[in-house]
Each structure stands twice: as structure tokens, then as C-alpha cells.
Amino acid sequence: MDTARLFPWFILLNPLIAAVLILVATRKNHGVSAVISTLSAFFGLAAAACAWTSPEVHSAVQWIDFGNALQIPLGVKLDHLAKVMLLVVTGIGFLVHLYSTVYMEHDESKARFFGHLSLFMFSMLGIVLADNFAMMFIFWELVGVSSYLLIGHWFTRDAAGKAANKAFIMNRLGDFGFMLGILMLWATAGTVTFDGLEDQKAVLAQNPYFLGAAVLLVFCGAIGKSAQFPLHTWLPDAMEGPTPVSALIHAATMVAAGVYMLARLAFLIELSPVAGMVIAWVGAITSILAALMATQQDDIKRVLAYSTLSQLGYMVMAAGLAPDVEGGAAMFHLWTHAFFKALLFLGAGAVIHALHHEQDIWKMGGLSKTMRITTATFALGTLALTGCPGLAGFFSKDAILLSAFAHNKALFGIGLATAFLTAFYMTRLFAVAFLGKARSEAAHHGHDCPRRMTWPLVILAFLSIFAAYGAVPHWFGIEHGDAPKIVPTLAILAFLTGTGVAWMLYAGAEKEPLSLPLFRNKFYFDEIYGAIVAGTQDVLAFIAAGVDAIVLTVVRAVGGLTLGLGYALRLFQVGNVQAYAFIFGLGVVTLIYFLVFR
Amino acid sequence: MTITLNHYLLVSGLLFAIGFAGVLLRRNIITIFMCLELMLNAANLSLVAFSRFNVGPDGLPNFNAQVLVFFIITVAAAEVSVGLAIIVALFRARQTTHVEDIASLKF
Numbered sequence: 005m006d007t008a009r010l011f012p013w014f015i016l017l018n019p020l021i022a023a024v025l026i027l028v029a030t031r032k033n034h035g036v037s038a039v040i041s042t043l044s045a046f047f048g049l050a051a052a053a054c055a056w057t058s059p060e061v062h063s064a065v066q067w068i069d070f071g072n073a074l075q076i077p078l079g080v081k082l083d084h085l086a087k088v089m090l091l092v093v094t095g096i097g098f099l100v101h102l103y104s105t106v107y108m109e110h111d112e113s114k115a116r117f118f119g120h121l122s123l124f125m126f127s128m129l130g131i132v133l134a135d136n137f138a139m140m141f142i143f144w145e146l147v148g149v150s151s152y153l154l155i156g157h158w159f160t161r162d163a164a165g166k167a168a169n170k171a172f173i174m175n176r177l178g179d180f181g182f183m184l185g186i187l188m189l190w191a192t193a194g195t196v197t198f199d200g201l202e203d204q205k206a207v208l209a210q211n212p213y214f215l216g217a218a219v220l221l222v223f224c225g226a227i228g229k230s231a232q233f234p235l236h237t238w239l240p241d242a243m244e245g246p247t248p249v250s251a252l253i254h255a256a257t258m259v260a261a262g263v264y265m266l267a268r269l270a271f272l273i274e275l276s277p278v279a280g281m282v283i284a285w286v287g288a289i290t291s292i293l294a295a296l297m298a299t300q301q302d303d304i305k306r307v308l309a310y311s312t313l314s315q316l317g318y319m320v321m322a323a324g325l326a327p328d329v330e331g332g333a334a335m336f337h338l339w340t341h342a343f344f345k346a347l348l349f350l351g352a353g354a355v356i357h358a359l360h361h362e363q364d365i366w367k368m369g370g371l372s373k374t375m376r377i378t379t380a381t382f383a384l385g386t387l388a389l390t391g392c393p394g395l396a397g398f399f400s401k402d403a404i405l406l407s408a409f410a411h412n413k414a415l416f417g418i419g420l421a422t423a424f425l426t427a428f429y430m431t432r433l434f435a436v437a438f439l440g441k442a443r444s445e446a447a448h449h450g451h452d453c454p455r456r457m458t459w460p461l462v463i464l465a466f467l468s469i470f471a472a473y474g475a476v477p478h479w480f481g482i483e484h485g486d487a488p489k490i491v492p493t494l495a496i497l498a499f500l501t502g503t504g505v506a507w508m509l510y511a512g513a514e515k516e517p518l519s520l521p522l523f524r525n526k527f528y529f530d531e532i533y534g535a536i537v538a539g540t541q542d543v544l545a546f547i548a549a550g551v552d553a554i555v556l557t558v559v560r561a562v563g564g565l566t567l568g569l570g571y572a573l574r575l576f577q578v579g580n581v582q583a584y585a586f587i588f589g590l591g592v593v594t595l596i597y598f599l600v601f602r
Numbered sequence: 003m004t005i006t007l008n009h010y011l012l013v014s015g016l017l018f019a020i021g022f023a024g025v026l027l028r029r030n031i032i033t034i035f036m037c038l039e040l041m042l043n044a045a046n047l048s049l050v051a052f053s054r055f056n057v058g059p060d061g062l063p064n065f066n067a068q069v070l071v072f073f074i075i076t077v078a079a080a081e082v083s084v085g086l087a088i089i090v091a092l093f094r095a096r097q098t099t100h101v102e103d104i105a106s107l108k109f
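The listed protein sequences derive, respectively, from chains R and B. All you need for my numbering is the position in the first sequence, starting with 1, plus 4. All you need for my numbering is the position in the second sequence, starting with 1, plus 2.
This is how it looks when you write it as C-alpha cells:
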């Protein structure tokens, strides 16, 4: 096997080696563990950069072989889509590793943290490089596990443990559908490899209803992993994990895996427009609901989490609407979003670090005077996210809105409303947390963090501006042709009004001027789910108790009857032999009477 | 008056009834035991009577019943030896041969 074919395997296994090394050998030694993990992330980035120019590679070995029925290879597929995603994962992965070396400096279990981080990198790269659904599913689950481990890193905190459980269980709900979908595709096409499925397109298209159901079931996996409505509730709770984890896993990479999977599936969504429409609507509903929820959150990380939800909804909408050119606008937005959302999370992490774990934005304020680099980069991230013209986010959002405008005007309207809300809540966040007067003791003593934390911010801020310039849109098949001018105009209008309204309300505000309990309480989704789960349990428990009562009544009746008969028969046991003989004689006489005279 | 089978059976039934009444009413175990023997012999008597009055075409009685009587006598002898041995053992243990004193097997 030549080196070009071994190359993707190196990218895949490199973080696994680091993870095993850390978790087995250097668990006690925090410094060495951090170095191993960060070095492996650096090698990953370097390899991904080399992979960019290398030819497309597809290398597979047979793994499970059931003859004609089922063949599952263990293979890596380094095509254009995978290369782009590799850059995102390894690039942000490396920056987050670097940042974590400072952020987690005084953590008691730093080695464990880095081990799990490397494990996550391995699983995520597995999803990116997998050449078949079975392998993708395995890495999909591995990502779920490492996410669980990292959310629950501070497991002594009750909330962290619960959030980890919630994330894992919600993901499993979606993954069940994912597995069923894979089985349905296999049942029709007889293969689970992406190439094989693409070859069997004609066979798959024969039964559009079956295919649509299969695609939607596979999409269930994306609903779980990309936290789409109605399984979105785990992502905001996942903010209990360390902030670098939120930046890497719950903003840039893992939650984007669902979108990446949809891009891989694009050829199937194309065959089933109804399924595509359902996907687009799920994405649109998620994006608008999450944006509304974000407008009333006070925790800096939760605002960003809802913003992530909303942007993921955008991507899913785009993936469902226009599944041509392997995701197209969806992957473009994934690409730019990864940079500015990671930047925002790392910026929030810097604030939290400097303010000794204060996360309430109403207890911040005035940070622009003391944390200059953080403020500047955070402002750039905010502008990129809100779609300020000229920054990366504007172009990718524009691509999505254009595609929505071309396909479905209602979805375009929702997208525009979401863009307005995005500008609103991000301006609110920035104005409250960074501008105005310091509103707590901790906020007075803000300071920029060490270089290893600010450098990733600066690099990401740079990428937030320039990540959509030059040839980049062509990677995703986006051409700036004779698109209708009305779309960017409306998008800019939404950005301006959103920012303006928020500025008027929140610039210099000392406390929340709006009170919208419905949004603040996240549309009561957690409460509704709690009630549904508890209600179902209650009903089931009631039925089970009823069945129990019936069974117990029967059992007790049988037992009571036996006992009563026993008491009755005991009366005959008088102990007198002659009485027995008398009864015996009586019995014999009765027997003879019946035998002879009847 | 000729003696018929019914007479024999009547005597046999009387003997059996007397024996059974003795078993039910007497207190001394040995007496009860003798009453039991009486019941056995009532049965023997009826068997012999049946044999005597059941003459075959060759003019001979049916000896099957008489053979059965021999068996019963043998078994009764064996039973008496075992029963008396039990009674002796019981007397040694309890110093009594009265049935109403041996009533501990009750609830």
C-alpha cells in the first residue's frame, strides 16, 4: 500500500494513539498529557493541510462479510467534502487544545480532560472519513460517548452529571431512528457504503415512500446530534461542560456532524423531495424557536448555545432545501459558523476565566476597558454571526437565504426573521456584557488572558472575517452570479434593524428591560417533556399497579382458600384413634352404599 | 330347619358388627385388638360359607375361598405378632394401654 493511501489512516488513528497513551500511561502527569494531546492535534492539522492538496483517496479493507447479503468494509474516504470538514475539525481542534492548556491549567483532572478531548477528535475524524453508514454509525456513537464524558467532566457537580446524561439519552433517541434508517437503506440497496448507495440510486428511487421514510429516519440521527427540534433541549444544558469543550464540540464540530451527514446523504435527499421539505421545515422551526429563546437568556454561554441551535437550524434548512453539490450552502455556513462560533465561545470562556466563573451577563459590563483583545475579537465574532456585510457570516447566510428565496418563500421569511433575531440577541449580549458600567466586583477586575488563550481568539477572528473570501465559496459550489439583489438587501436590513432595536433597548441598561417569560423559559419544552415523561410513567405505573392488584387478589384468594380448607380439615384431627376408625367406617359404608346400591 | 347361606352370613355380619363396635367403643388396646381379630374371623366365616355353598358341576366346593382364608389366618398371625410387639413397646414408653391416653397426634 502506498503512502497516499495510508495517509487518511494516519489522520484517523493519530488522536486515538494520543488518547490511549494519555488514558493508559500518563494519567497522573498533567503536563505531559496536555503536550501529547496538543501535539497530536497539531499533527492532525498539519496532515489535514497536506491532505488538502493530495488527490482523493478511498482505501478500504473488508471487515464484516456475509457474502451477498451484507458486506461492511472498514474504509476511509478522503474526498472534497471530507477535506473541508477535516480542516474545520482539526483547525478548531488544535486551537481549542492550545486554549485548553491555559483554561484547564488548575483543573484537578487535566490529564483525563485531554485524554477525552483526543478521544473526541478520533471519533469526529471517524465520522468525517467514514466511507459507509455502519462505520459512520459507530463513530457517531463514539462521538456521543466522548461528548458525554466531556460534558460530565466536572461530574461532582450535580448539574453537569445530569446534563451529560440528558445529552447522551437525547442523542440515543435520535440514533435509534438513524439505525433503522440505515437498515431500511440496506434492505433496499443491499449495501451500506456511500458509493454503493449512490450506484443503487435507480433501485432506491423505485419506491419513493420507502426511501422518504428511510431518509427521514436517518435524519433522526441528525436531529439528535445537531440538536434540532424536538430533541434540541440537550444542547443548552451541555454548557455545563468546560467552555473549550462547548466551543469545539457543542458549537463547531460534533453538532455540525448532523449537517455533514446530510451533505453526505445529499444524493438521497435529492431523490426524495418530500423528505427534503420535512428536513427544511424542521431546520427552520429550530432556527426561529432557538433565536426567540436566545433573546431572554442571561447566561453568556446559554445565549451562545441557543444561537448555535438557531444556526444549525439554518444549515439543516439549507441541506433539506437544496441538496445539490453535497450540501452546498449548508456546508458553507457550517464552515464559516465553525470559526465565529468557536471564537465566540472561546471569548466567552476568556471572560468566564477572567471573572472567576461568573457567567451572568448582568453581572458583567464594562469589560471593553479591561479586556481589550477579548472584546475586539468577540465584537468581530458577533458581527460575523449577525451577518454584518463584509464578514464571513454574511456570505454564508446570504447563500442560505438565496437558496431559500429560490425554493420556498415561507422558509425565506423564517430565515429573515431569524436573522433579525440573531442580530438582536447578539447585540444585546455584547452591549450588556462588554459595554456600559461594571455591575459586579469581579467585572471591575477583568483582564486579558495569557497569550495561549488570546492567540486562538485572534486567529479565529481573522478567519471570521476572511473565511468566505477568494476561492472559498467555490469549494461549496456557491457561485455569485446574477442572484436577486433583494435577498442581500433584506438580509442587511434585518441585520441593521435587529442591531438597532437591541442597541436602543440595551445600551447602558442596568437590568433586563423586557420580560418575556415564554422565551425566558424556553417555551417550557423541558417542563412539557418532563410532564410527558412523568405522565406516561404515571399512567404505566397505574396500569401496572392495577394488574398487580388483580394478580395479587387471585393469589391471595387461592392462598386464603387453602388456608380455610386447612382450618376446616384440622377439626377432624382429634387425635383419638377410635374417632378415626369411626370416620373410616363411615367412609367405607358410604362407599359401599354408592357402589352396591346405586 | 335347614341351615342356609343366609344364616351363616347373618352370623358373620353379627360377628363383624360386634367386632367393629368393640373397636370403636372399648378403651383397652388389647381388647380392641381382639375385636379386630373378631372382624377378621367374621370375614373368614363368610368366605368359608361361600365356599361350602358354591358347589361346582363335579360335586366339589370352590376351594379358592378356603385358600384365601388360610392366607388371612397367616397374615392375621403375623399381624398379631407385630401389633402385640407395638403394644408392648407402647406400654414401655407410656405405661398405659388406654387409647384415650394416646391422643397427642392432633393439632
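Beta carbons: idealized from backbone N, C-alpha and C, even for Gly. Because the structure is a prediction, the values reported are computed rather than measured.
Taking a cut of 8 Å between CB atoms, which residues from the segment 575-598 of chain R lie near chain B? Q577, V578, G579, N580, V581, Q582, A585, F586 and G589
Are there 16 or more other CB atoms within 10 angstroms of the CB of B/Q97, so buried, or fewer, so exposed? The count along the second sequence starts at 1 and reaches residue 97 of chain B at position 95. Under this definition B/Q97 is an exposed residue.
Using a Cβ cut-off of 8 Å, which residues of the segment 14-27 of chain B contact any Cβ in chain R, in chain order? F22, V25, L26 and L27
With burial defined as no fewer than 16 other Cβ atoms inside 10 Å of the residue's Cβ, what is the status of R/H341: buried or exposed? The sequence position of residue 341 of chain R within the first sequence is 337, counting from 1. When all chains shown are included, R/H341 counts as buried.
At a Cβ threshold of 7 Å, is B/L70 touching chain R? Position 68 of the second sequence, counted from the first residue, corresponds to residue 70 of chain B. No, B/L70 lies away from the interface with chain R (no Cβ there is under 7 Å from its Cβ).
Closer than 7 Å to chain R by CB, B/V112: Chain B is shown from 3 up to 109; residue 112 of chain B falls before or after that span and cannot be answered.
Which residue spans inside the segment 75-108 of chain R form an unbroken alpha helix (DSSP H) run of at least 4? 84-107
Quick one: grab the DSSP three-state call for R/A471. To locate residue 471 of chain R, count along the first sequence from 1; it is residue 467. Looking at R/A471 - three-state DSSP - the assignment turns out to be coil, as it is neither helix nor strand.
Output the boundary residues of the alpha helix (DSSP H) element that contains R/I26. Position 22 of the first sequence, counting from 1, holds the residue named residue 26 of chain R. Unbroken alpha helix (DSSP H) run through R/I26: T7 to V28.
Can you check whether the C-beta of B/L168 is within less than 7 Å of a C-beta belonging to chain R? As displayed, chain B neither begins before 3 nor continues past 109, which places residue 168 of chain B out of reach and without an answer.
How would you call R/I365, buried or exposed, if buried means at least 16 neighbouring beta carbons within 10 angstroms? Numbered from its first residue, the first sequence carries residue 365 of chain R at position 361. R/I365 should be labelled buried.
In whole angstroms, what is the alpha-carbon distance linking R/V537 and R/A164? Indexing the first sequence from 1 puts residue 537 of chain R at position 533. Indexing the first sequence from 1 puts residue 164 of chain R at position 160. So the two alpha carbons sit approximately 21 Å from each other.
Taking buried to mean at least 16 other C-beta atoms within 10 Å of its own C-beta, is B/E102 buried or exposed? Your numbering for residue 102 of chain B matches position 100 in the second sequence. Looking at its Cβ environment, which holds fewer than 16 other Cβ atoms inside 10 Å, B/E102 is exposed.
Assigned secondary structure, R/V578 (DSSP; H/G/I helix, E/B strand, else coil): Working through the first sequence from its first residue, we reach residue 578 of chain R at position 574. DSSP places R/V578 in coil when its eight states are reduced to three.
Are there 16 or more other CB atoms within 10 angstroms of the CB of B/H9, so buried, or fewer, so exposed? In the second sequence, counting from the first residue as 1, residue 9 of chain B sits at position 7. The residue in question, B/H9, is exposed, as its Cβ has fewer than 16 Cβ neighbours within 10 Å.
Report the start-end ranges of each alpha helix (DSSP H) in the segment 334-399 of chain R that is 4 residues or longer and not cut off at the edges. 371-374 and 376-390
Can you tell me the Cα-Cα spacing of R/I155 and R/A561, whole angstroms? Stepping through the first sequence from its first residue, residue 155 of chain R is reached at position 151. Stepping through the first sequence from its first residue, residue 561 of chain R is reached at position 557. Taking the straight line joining both Cα atoms gives about 53 Å.
Bounding residues of the alpha helix (DSSP H) (the contiguous stretch that carries R/H110): Within the first sequence, the letter at position 106 stands for residue 110 of chain R. Here R/H110 belongs to no alpha helix (DSSP H), and DSSP marks it neither H nor E.
R/K401 CB to nearest heavy atom of the ligand ATP below 6 Å: Within the structure as shown, the ligand ATP is missing, as the structure has no ligands at all.
Given R/G79, which residues of its chain have a CB within under 8 Å of its CB, disregarding the five upstream and five downstream residues? Taking the first residue of the first sequence as position 1, residue 79 of chain R is located at position 75. For R/G79, where only same-chain residues beyond five positions count, the Cβ hits under 8 Å are H62, S63, A64, V65, A134, D135, N136, M139 and T197.
Buried or exposed: which applies to R/D162, given that a residue is buried once 16 or more other Cβ atoms fall within 10 Å of its Cβ? Locating residue 162 of chain R in the first sequence gives position 158, counting from the first residue. Flag for R/D162 reads exposed.
Cross-chain neighbours of B/L86 in chain R, by beta carbon under 8 Å: Indexing the second sequence from 1 puts residue 86 of chain B at position 84. In chain order: nothing, as chain R lies at least about 17 Å away.
Report yes if the C-beta distance between R/A298 and R/V307 is below 7 Å; otherwise report no. Position 294 of the first sequence, counted from the start, is the residue given in the question as residue 298 of chain R. Position 303 of the first sequence, counted from the start, is the residue given in the question as residue 307 of chain R. Cβ distance < 7 Å, so R/A298 and R/V307 count as in contact.
Quick one: is B/A105 near chain R, going by C-beta distance under 7 Å? Taking the first residue of the second sequence as 1, we reach residue 105 of chain B at position 103. Cβ-Cβ to chain R under 7 Å: yes for B/A105.
Alpha-carbon spacing of R/A86 relative to R/Q541, whole angstroms: In the first sequence, the residue the question calls residue 86 of chain R occupies position 82. In the first sequence, the residue the question calls residue 541 of chain R occupies position 537. If you take the alpha carbons of R/A86 and R/Q541, they lie about 44 Å apart.
Quick one: any contact between the segment 70-90 of chain B and the segment 35-50 of chain B, if contact means 3 or more CB pairs under 8 Å? yes
Under a Cβ-count criterion, where at least 16 other Cβ atoms within 10 Å of its own Cβ denotes burial, should R/Q577 be classed as buried or exposed? The sequence position of residue 577 of chain R within the first sequence is 573, counting from 1. So R/Q577 counts as exposed.
Closest by CA to R/L425, which one among R/A352, R/I404, R/G502 and R/T7? Within the first sequence, the letter at position 421 stands for residue 425 of chain R. It is R/G502 whose Cα lies nearest to the Cα of R/L425.
I'd like to confirm the pairing. Which residues does DSSP put opposite B/H100 in its beta bridges? Taking the first residue of the second sequence as 1, we reach residue 100 of chain B at position 98. B/H100 is bridged to B/N30.
With DSSP as the reference, label R/Q315 as helix, strand or coil. Here residue 315 of chain R refers to the residue found at position 311 of the first sequence. Of the three classes helix, strand and coil, the one that applies to R/Q315 here is helix, per DSSP.
For the beta strand (DSSP E) that R/H62 lies in, which residues bound it at each end? Locating residue 62 of chain R in the first sequence gives position 58, where the first residue counts as 1. Unbroken beta strand (DSSP E) run through R/H62: V61 to D69.
Nearest-angstrom Cα separation, counted from R/A421 out to R/I469: Within the first sequence, numbered from 1, the residue matching residue 469 of chain R stands at position 465. Within the first sequence, numbered from 1, the residue matching residue 421 of chain R stands at position 417. C-alpha separation (whole angstroms): 24 Å.
How would you call R/Y310, buried or exposed, if buried means at least 16 neighbouring beta carbons within 10 angstroms? For the purposes of this step, residue 310 of chain R is taken as residue 306 along the first sequence, with counting starting at 1. Buried is the call here.
Any idea what DSSP makes of R/T197, helix, strand or coil? Start at 1 with the first residue of the first sequence, and residue 197 of chain R comes out as number 193. It is a strand residue.
Residues sharing a beta bridge with B/V57, DSSP: The residue given as residue 57 of chain B occupies position 55 in the second sequence. According to DSSP, B/V57 bridges with B/P63.
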